[in-house]
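For the sequence shown, the tail end lands on 140 under our numbering, and the numbers increase by one without skipping. Every residue gets a Cβ at the ideal spot worked out from N, C-alpha and C, and that includes glycine. It should be emphasised that the depicted structure is a prediction, and the values quoted were computed from it without experimental measurement. Working notes, structure below.
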Amino acid sequence: MSTDISESRKKLLESLFLAGRENSNAAVMFHTAVGARMGLGMTEEKALDLLQRHGPLTAGELCEHTGLAPASVSGLIDRLEAKELVRRTRDARDRRKVIVEVDHERLAGFGELFDGLVAGLTELYLGYSDEQLELILDFLTRATAVQHAATSSLDAAS
C-alpha cells in the first residue's frame, strides 16, 4: 500500500481486504456444505446455479460463465447428466448446438438448503437504506468484475 495515505485508512483497507477474504471463505464453505448435501462437488453445485439463473446454456456459454476450459465443462456436464440433474438437448434452430438444461423436478427439494441463508440476508438487507443498498450493489458488481478479470488472467497464464 502507498505510504502517502493515513494510518487509519491503511487499517481500514486492511480490514476491508480481510473481511472480503472472510466473506469469500464463508461462501466457499457454505457452497461446499450445500454440494455435499446434494451429493455434488462445489463446481457442480455452482454450475447448476448458473443454469437455474440463466436458463439453458450451451457448453461454450458455461465455459464463459465459469471460466473453465471446454474439456472441464464437458466432464462437468457428463457428471451432472449421470446424476440426472441436467439433460443435453439439441438447439431447435441449430441442430449442431447442444443445450444443457436443468431437470427442475430433480432439484425441487434442494431449494430448502438455501432458506436459512436467504432469510438471514433478507434480514440484513432490511437494515440498510435504499441508498446504502445501491452502494453495496455497486461494490459487489464491481468486485465481481475484478474477480472475473483475475480468474481470466490466471487461465490465460496457464
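Exercise. Where in the stretch 23 to 83 do unbroken runs of the alpha helix (DSSP H), each at least 4 residues long, occur, reported from the N-terminal end onward?
Worked result: 24 to 36, 41 to 48, 52 to 64
For this session: Taking the CB atoms as reference points, tell me whether leucine 62 and valine 55 lie closer together than 7 Å.
Result: no
Exercise. First and last residue of the alpha helix (DSSP H) that includes glycine 2?
Worked result: -11 to 20
Exercise. Run through DSSP, which three-state label would aspartate -14 get?
Worked result: Three-state result, aspartate -14: coil.
Exercise. Out of curiosity, what's the CA-to-CA distance linking aspartate 60 and valine 84?
Worked result: 13 Å
Exercise. With respect to the alpha helix (DSSP H) encompassing alanine 90, which residues constitute its N-terminal and C-terminal limits?
Worked result: Where alanine 90 is concerned, there is no enclosing alpha helix (DSSP H), given that its DSSP letter is neither H nor E.
Exercise. How is aspartate 85 classed by DSSP in three states: helix, strand or coil?
Worked result: coil
Exercise. Does DSSP put serine 111 in a helix, a strand or coil?
Worked result: coil
For this session: Mind the definition here: the stretch 25 to 45 touches the stretch 82 to 102 only if three or more C-beta pairs lie below 8 Å; say whether that holds.
Result: Yes, the stretch 25 to 45 touches the stretch 82 to 102.
Exercise. Hey, how far is the Cα of phenylalanine 96 from the Cα of glycine 21?
Worked result: 15 Å
Exercise. Is histidine 13 closer than 7 Å to glutamate 27 when the C-beta atoms are compared?
Worked result: yes
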